[in-house]
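In the numbering used here, the protein residues as written are 17 to 367.
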């Protein structure tokens, strides 16, 4: 049996240059391959027509582009589409397939894609279905980029957010590599301002991301109080919100890069004036914004959703006191809206 072919998708220009050099091809062939992969999004080596037939054959003996098409999708009446991608090579378990979710969110002249970076998640946040799955492996840069390149709407995309399944800082090498491909002139050629990477805050990893990337950063806050945040998010123990904010204060967010805080509102739990004042105290003087998020219910989690009036009061207080605050529009509520629900359901059917 022949060994499985390696994927070209996810490789950097440096890696492609090494490959073509080892195969005796001209060095400029690497940039040609990168253009076919990341600008033209071809699905096969045979489509790389400015490579000689001999070089295409030589390359195809060992490599393939490596797209994995979505196997399922849920379409919302508001235009949101949640895609389900199979993941085989990155899982710890060989006894069953695993799946990741990617959400396409069109909004007038914007089209945002919410991508995943892990199969499951180690963070185990109380309000997140993905955390209930446990952690089953990291995605490679190829797995991350596949969610973009194999997307039917790839040519419509304006923004990417790493807010799907998994904690980006827990798979930082692959996330940084994917961001490099997206922003390099030999890759997608996008501005870093089109990419936002979220995190609960992981010691050393968050600092490295801030040092090595110019992409926007979004911190999952969800409570400004240590004890309550610890109950909601076990990661608070390893890197408390206070330390996360202290680290962020060392960086400049007044020009190209933006810092934001994600805040799920739970009715009667974290949406009162007391919390508004505490958020303001924590963030005062930091150039940032706050995004308030409605809670999407998940099975076996008895957390209440905040009502519109309380969310608006929280938004107005923070905005009035100098912190730009928005309420994120809920999308895809008529499908598996909350992160992790579709993949959990499919996994249950597959096992």
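Ideal Cβ placement from N, Cα and C applies to all residues, glycine included. Since this is a predicted model, take the numbers as computed values, not measurements.
For residue i, is the classification buried or exposed, using 16 other Cβ atoms within 10 angstroms of its Cβ as the cut-off for buried?
i, result
"residue 37", "exposed"
"residue 186", "buried"
"residue 262", "exposed"
"residue 78", "exposed"
"residue 344", "exposed"
"residue 174", "exposed"
"residue 189", "exposed"
"residue 272", "exposed"
"residue 171", "exposed"
"residue 150", "exposed"
"residue 201", "exposed"
"residue 126", "exposed"
"residue 194", "buried"
"residue 128", "buried"
"residue 290", "exposed"
"residue 86", "buried"
Measure from the alpha carbon of residue i to the alpha carbon of each residue in the options, then state which is nearest.
i, options, result
"residue 274", "32, 243, 306, 290", "306"
"residue 66", "304, 49, 271, 188", "49"
"residue 160", "181, 126, 277", "181"
"residue 167", "125, 218, 100", "100"
"residue 265", "231, 223, 237", "223"
"residue 118", "141, 155, 142, 143", "155"
"residue 351", "196, 121, 141", "121"
"residue 329", "288, 177, 143", "288"
"residue 233", "256, 257, 294, 269", "269"
"residue 332", "225, 295, 215, 113", "295"
Using only the alpha-carbon positions, how far apart do residue i and residue j sit?
i, j, result
"residue 26", "residue 297", "42 angstroms"
"residue 259", "residue 253", "11 angstroms"
"residue 324", "residue 349", "16 angstroms"
"residue 76", "residue 198", "24 angstroms"
"residue 21", "residue 183", "29 angstroms"
"residue 250", "residue 292", "22 angstroms"
"residue 165", "residue 284", "42 angstroms"
"residue 71", "residue 61", "10 angstroms"
"residue 235", "residue 335", "18 angstroms"
"residue 248", "residue 213", "21 angstroms"
"residue 74", "residue 39", "8 angstroms"
"residue 220", "residue 228", "12 angstroms"
"residue 139", "residue 115", "18 angstroms"
"residue 281", "residue 33", "49 angstroms"
"residue 158", "residue 316", "34 angstroms"
"residue 130", "residue 41", "37 angstroms"
"residue 148", "residue 23", "31 angstroms"
"residue 135", "residue 218", "18 angstroms"
"residue 95", "residue 68", "42 angstroms"
"residue 312", "residue 346", "9 angstroms"
"residue 318", "residue 286", "15 angstroms"
"residue 152", "residue 204", "29 angstroms"
"residue 145", "residue 102", "18 angstroms"
"residue 277", "residue 124", "24 angstroms"
"residue 105", "residue 81", "The predicted model places residue 105 with a pLDDT of 48, which falls under 50 and marks its position as unreliable, so this point remains unresolved."
"residue 339", "residue 179", "22 angstroms"
"residue 342", "residue 46", "44 angstroms"
"residue 246", "residue 137", "17 angstroms"
"residue 309", "residue 279", "6 angstroms"
"residue 132", "residue 19", "28 angstroms"
"residue 300", "residue 98", "37 angstroms"
"residue 44", "residue 63", "17 angstroms"
"residue 16", "residue 162", "Residue 16 cannot be examined here, being either before or after the span of the chain that is shown, 17 to 367."
"residue 302", "residue 267", "10 angstroms"
Can you look up residue i in the DSSP assignment and give me helix, strand or coil?
i, result
"residue 72", "helix"
"residue 178", "strand"
"residue 111", "With a pLDDT of 47 at residue 111, under the threshold of 50, the modelled position of this residue cannot be trusted; read the value that follows with caution. Coil at residue 111, not helix or strand."
"residue 87", "coil"
"residue 165", "helix"
"residue 320", "coil"
"residue 336", "helix"
"residue 202", "coil"
"residue 297", "helix"
"residue 227", "helix"
"residue 195", "helix"
"residue 37", "helix"
"residue 190", "helix"
"residue 45", "helix"
"residue 351", "coil"
"residue 345", "coil"
"residue 29", "helix"
"residue 241", "coil"
Are the C-beta of residue i and some C-beta of chain C separated by less than 7 angstroms?
i, result
"residue 166", "Here there is only one protein chain, and chain C is not present."
Exercise. So, do the stretch 198-212 and the stretch 239-246 have three or more beta carbon pairs nearer to each other than 8 angstroms?
Worked result: no
Problem set entry | Cβ pair count under 8 angstroms reaching 3, the stretch 40-57 against the stretch 85-92 | no
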